[in-house]
Amino acid sequence: MKKIYSYIASSMMIFSLGVLSSCSDSYLEDVNTDDSKASIIDPNAQLTTALLQAYGDFSLMDTYRSYITGFTQYYAGGWNVSNYAGAVYPKDSEMALLWNRYYSISIKNLVDAIYRSEDMPNTNAALRIHRAYMMALLSDIYGDIPCSEAGMSYINGNATPKYDTQEEVYNFVFSELKAAAAQLGTGTDLISGDVTSLESDVTAWKRYANTLRLRYAMRISDVAPEKAQEEFESALTADGGIISSGDEDAYVKYIDAPFTLYDGANDLDFRANALGEMIYGQDPTSPSFVCSTLYKYMETMNDPRLYRIARCYIHTTRSQTDTSGNYDVTDEVIAWGENGGLGIVPCNVGDAWWSDWVNAPATSDIPTLANLVSLYPEKGYDQNNYPARMIRPTIAVAFCNADCPGILITYAEVEFLLAEAASKGWNVSGSAESHYEDGIRASMQMMNNYYDIVSKISDDEINDYIAANPLGSNPRESINTQAWILHLTNPSEGWANLRRSDYPAIADRTLLPVRTDFPREDPNMQTPTRLRYPLLESKYNSVNNKAAVDRMGGNDNWHTRVWWDIAEQNFIDIENFGE
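At position 393 of the sequence shown the residue is numbered 393 (my numbering), and the sequence of numbers has no breaks.
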């Protein structure tokens, strides 16, 4: 019996082990599966993520703060813009953020969702349109980029995509926008992941795609004029039309959420406008100061937007999670200047707010400051150089709120594009003058509608400004100076159009004192014309990266102009501006 029992026991053990072995994989899979999470991602959810990231990712906004808003000469004086753009200091970790974040999140999600949404024609088309937008944005900043093969690693195993030339990228963009617009409306699926002003409406998305074609056609108008004119005129007559009023503006919608800075970006929380967070600054010492180039242009033209954009604040005890806690003393600083003081003193490009030290007003000269010091002496409102910082104009908090729109393309921009097209003799209805004037009017009305500025710009102010600033004998300069002001809240487009048009003339860096208190590597102090590729690209995608660098002459030089940028920028002596 003992032998039989032993045999049976052994057999049962072998059987049990076999059963355990055969079901262990499925058992462990069940144990390690989180039932609260979906096994697949809805393409509409991926569209939402990609759209919100456009302006909602604080991590990549450092590249805007450090470089792009400085290269456009919108801002100067804050630590980041002074240390990097101001000092013409190329730092890989700062330049790579846009590339790394957009490719690893937006592009990866868009490509995957496009691949899996062929049975959702409308959603698929919206995904393709936004991918085209993102590819153009990245190419405008870096030049040749991975485009046609980008984001395909999970689909076909290609982890080293080729770098398409910028001309190829633009051909891809035009082709995708046309094909996606034609595809819209061929299905019954809802674009439920839409978080833009287009409101999931296929007709609005079609109009948006056609309008983007206008922008990109004008972008290549100097390097490929025949192609540009063909694309522009084709878009004007395309099915669905173009954006033709401010009510049809395309922008990403954000919510009034607390600022989360880097923590929110790490959690992919893109619900707040991170561009607003970035230009507001992370603490009382780091607001975004308005550059003297922007300030002086607007001041010289008597632009009613100037003191809606540039404000003087006492920042000492402001909140870090929203735009509250700023004491607006703009009118008091102006009055101090009119009574013999310095008044408002913007920072020159390359300067820090604390350089070229300014003589601050006495506490008694600024009634609000005097009152705060009297009521709260322990807060230090008159200490630590805060009064000197107070007279440097910063961006108005109206443009820093979490729910500010993330601009994609607007009617105001369309009017400026039509104005320039008309000035070129392209087949456009209406005159260059009428489109130019309508563009200015739309720009100011957009500011009234989208931002909580200190007071709305009146019709009389708009009309007086247009009368005092006619199109003139150089339409390219007049039109693109206005476009530059318009794109203050869309800095990537502001920089691209500035390089393409070479207007307005910006401060000549070589005529300004060289900063010695910031790190420098580049002997060419003139404003760069692109950003360098991330250093890791030369390691992990070396063959394709090298091919792109070789096309630039073998040097990843940020003074090398991109394909569509055929001429040098126009420069001025900012110290003698208007003289």
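By construction, the Cβ of each residue, glycine as well, lies at the ideal position given by its N, Cα and C atoms.
Rounded to a whole number of angstroms, what is the C-alpha to C-alpha distance between asparagine 359 and arginine 392?
One-based indexing of the sequence shown puts residue 359 at position 359. One-based indexing of the sequence shown puts residue 392 at position 392. Distance between the alpha carbons of asparagine 359 and arginine 392 is about 11 Å.
Output the boundary residues of the beta strand (DSSP E) element that contains leucine 408.
Taking the first residue of the sequence shown as position 1, residue 408 is located at position 408. Looking at the DSSP string, the run of the beta strand (DSSP E) that includes leucine 408 is 406-409.
What's the gap between the Cα of proline 475 and the Cα of asparagine 171?
In the sequence shown, counting from the first residue as 1, residue 475 sits at position 475. In the sequence shown, counting from the first residue as 1, residue 171 sits at position 171. Their Cα atoms are separated by approximately 28 Å.
So, do the stretch 286-297 and the stretch 380-397 have three or more beta carbon pairs nearer to each other than 8 Å?
The stretch 286-297, when compared against the stretch 380-397, does touch it at the 8 Å Cβ threshold.
I'd like to know whether the C-beta atoms of tyrosine 327 and isoleucine 314 end up nearer to each other than 8 Å.
Taking the first residue of the sequence shown as 1, we reach residue 327 at position 327. Taking the first residue of the sequence shown as 1, we reach residue 314 at position 314. Yes, the Cβ-Cβ distance between tyrosine 327 and isoleucine 314 is below 8 Å.
By Cβ distance below 7 Å, which residues in the same chain neighbour aspartate 57 in space, the five residues on each side in sequence not counted?
As a working mapping, residue 57 is identified with position 57 in the sequence shown. So the qualifying residues of the chain are Arg101, Ala265, Phe270, Ala274.
Could you pull out every residue in the same chain whose Cβ sits closer than 6 Å to the Cβ of serine 22, ignoring the five residues on either side in sequence?
Position 22 of the sequence shown holds residue 22. In this predicted model, serine 22 has a pLDDT of only 43, less than 50, meaning its place in the structure is not dependable; the value taken from the coordinates is given anyway. Closer than 6 Å at Cβ, skipping near neighbours: no residue.
For alanine 85 versus asparagine 302, is the C-beta distance shorter than 8 Å?
Along the sequence shown, one-based indexing puts residue 85 at 85. Along the sequence shown, one-based indexing puts residue 302 at 302. Result no, Cβ atoms of alanine 85 and asparagine 302 do not sit closer than 8 Å.
Could you give the distance in angstroms between the alpha-carbon of glutamate 433 and the alpha-carbon of asparagine 348?
Numbered from its first residue, the sequence shown carries residue 433 at position 433. Numbered from its first residue, the sequence shown carries residue 348 at position 348. Spanning the two alpha carbons is a distance of roughly 33 Å.
Can you give me the C-alpha to C-alpha distance between alanine 370 and threonine 363, rounded to a whole angstrom?
The residue labelled residue 370 in the question sits at position 370 within the sequence shown. The residue labelled residue 363 in the question sits at position 363 within the sequence shown. In a straight line, the C-alpha of alanine 370 is about 5 Å away from that of threonine 363.
Give every residue of the same chain whose Cβ lies closer than 6 Å to the Cβ of threonine 48, excluding the five residues on either side of it in the sequence, and list them in chain order.
Against the sequence shown, residue 48 aligns to sequence position 48. Answer for threonine 48: Gly193, Val195, listed in chain order.
Inspect the CB distances between the stretch 403-421 and the stretch 243-259 and report whether three or more fall short of 8 Å.
Short answer: they touch.
Look at alanine 505 and asparagine 427 and say whether their C-beta atoms are less than 8 Å apart.
Numbered from 1 along the sequence shown, position 505 holds the residue referred to as residue 505. Numbered from 1 along the sequence shown, position 427 holds the residue referred to as residue 427. Result no, Cβ atoms of alanine 505 and asparagine 427 do not sit closer than 8 Å.
Near arginine 219, which residues of its chain fall below 6 Å by C-beta distance, leaving aside the five closest residues on each side in sequence?
Here residue 219 is taken as the residue at index 219 of the sequence shown, counted from 1. Arg500, Trp564.
For glycine 461, collect the residues of the same chain with a Cβ closer than 6 Å to its Cβ; drop the 5 residues on either side in sequence, then sort them by chain order.
Position 461 of the sequence shown, counting from 1, holds the residue named residue 461. The residue you asked about is not glycine; residue 461 is glutamate in the sequence shown. Closer than 6 Å at the Cβ level, and outside the excluded window around glutamate 461, lie Pro304.
If the criterion is Cβ atoms closer than 8 Å, does the pair tyrosine 254 and cysteine 400 meet it?
Numbered from 1 along the sequence shown, position 254 holds the residue referred to as residue 254. Numbered from 1 along the sequence shown, position 400 holds the residue referred to as residue 400. No.
Have a look at His559, Arg532, Gln320 and flag the residue whose alpha-carbon is nearest the alpha-carbon of serine 524.
Indexing the sequence shown from 1 puts residue 524 at position 524. Here the sequence assigns asparagine to residue 524, which means serine is not the residue at that position. Minimum Cα distance to asparagine 524 is reached at His559.
Buried or exposed: which applies to aspartate 351, given that a residue is buried once 16 or more other Cβ atoms fall within 10 Å of its Cβ?
Locating residue 351 in the sequence shown gives position 351, counting from the first residue. Buried, by the Cβ-count rule.
Report all residues from its chain with a CB closer than 7 Å to the CB of serine 24; omit the five preceding and five following residues, and keep chain order.
Reading the sequence shown from its first residue, position 24 is the one you call residue 24. With a pLDDT of 49 at serine 24, under the threshold of 50, the predicted position of this residue should be treated as unreliable, and no value is reported.
Could you check what DSSP says for tyrosine 327 in three-state terms: helix, strand or coil?
Mapped onto the sequence shown, residue 327 falls at position 327. Reduced to three states, the DSSP call for tyrosine 327 is strand.
Which two residues bound the contiguous alpha helix (DSSP H) that contains alanine 50?
As a working note, residue 50 is residue 50 in the sequence shown. Residues 43-56.
Straight-line CA distance for valine 169 to aspartate 140?
The residue labelled residue 169 in the question sits at position 169 within the sequence shown. The residue labelled residue 140 in the question sits at position 140 within the sequence shown. So the two alpha carbons sit approximately 10 Å from each other.
Could you check where the alpha helix (DSSP H) with valine 252 kicks off and where it finishes?
Here residue 252 is taken as the residue at index 252 of the sequence shown, counted from 1. Note, valine 252: premise wrong, no alpha helix (DSSP H); beta strand (DSSP E) at 250-252.
Can you tell me where the alpha helix (DSSP H) holding leucine 122 begins and where it ends?
Against the sequence shown, residue 122 aligns to sequence position 122. Just to set this straight, residue 122 is asparagine in the shown sequence, not leucine. Note, asparagine 122: alpha helix (DSSP H), 121-142.
Using the beta-carbon count (16 or more within 10 Å), is glutamate 420 buried or exposed?
Within the sequence shown, the letter at position 420 stands for residue 420. Classification of glutamate 420: buried, given that the 10 Å Cβ count is 16 or more.
Please go through the stretch 431-499 and give each complete alpha helix (DSSP H) segment of 4 or more residues, from N-terminal end onward.
With a minimum length of 4 residues, the continuous alpha helix (DSSP H) runs that stay inside the stretch 431-499 are 432-450, 459-468, 475-486.
Rounding to the nearest angstrom, what Cα-Cα distance links glycine 325 and threonine 317 in this structure?
Residue 325 sits at position 325 when you count from the first residue of the sequence shown. Residue 317 sits at position 317 when you count from the first residue of the sequence shown. Taking the straight line from one Cα to the other gives about 6 Å.
What is the DSSP secondary structure of arginine 305, counted as helix, strand or coil?
One-based indexing of the sequence shown puts residue 305 at position 305. Three-state result, arginine 305: coil.
List the DSSP bridge partners of threonine 394.
Reading the sequence shown from its first residue, position 394 is the one you call residue 394. Looking at the DSSP assignment, threonine 394 forms a beta bridge with Phe289, Arg311.
Flag this pair as yes or no: are the beta carbons of tyrosine 307 and threonine 330 separated by less than 8 Å?
Within the sequence shown, residue 307 is the residue found at index 307, counting from 1. Within the sequence shown, residue 330 is the residue found at index 330, counting from 1. Yes; because the gap between Cβ atoms is below 8 Å, this pair is in contact.
With 16 as the cutoff for other CB atoms within 10 Å, does glycine 578 come out buried or exposed?
Mapped onto the sequence shown, residue 578 falls at position 578. Per the 10 Å Cβ criterion, exposed.
Straight-line CA distance for glutamate 226 to leucine 417?
Translated into positions along the sequence shown, residue 226 becomes position 226. Translated into positions along the sequence shown, residue 417 becomes position 417. Between glutamate 226 and leucine 417, the C-alpha separation is close to 16 Å.
Under 8 Å, do alanine 180 and alanine 238 count as touching if we go by C-beta distance?
Start at 1 with the first residue of the sequence shown, and residue 180 comes out as number 180. Start at 1 with the first residue of the sequence shown, and residue 238 comes out as number 238. Contact flag unset, no.
Compare the Cα-Cα distances from serine 106 to each of Asp201, Tyr533, Gln53 and report the closest residue.
In the sequence shown, the residue the question calls residue 106 occupies position 106. Taking only the C-alpha atoms, the option nearest serine 106 is Gln53.
Please classify glutamate 378: is it buried, with 16 or more other beta-carbons within 10 angstroms of its beta-carbon, or exposed?
Residue mapping note: residue 378 aligns to position 378 of the sequence shown, counting from 1. Under this definition glutamate 378 is an exposed residue.
Once the 5 residues before and after threonine 143 are set aside, which same chain residues still bring their CB inside 8 Å of it?
Here residue 143 refers to the residue found at position 143 of the sequence shown. Sequence check: residue 143 is glycine here, not threonine. Within the same chain, glycine 143 has close Cβ partners Gln166, Arg530, Ala548, Met552, Thr560, Val562, Trp563.
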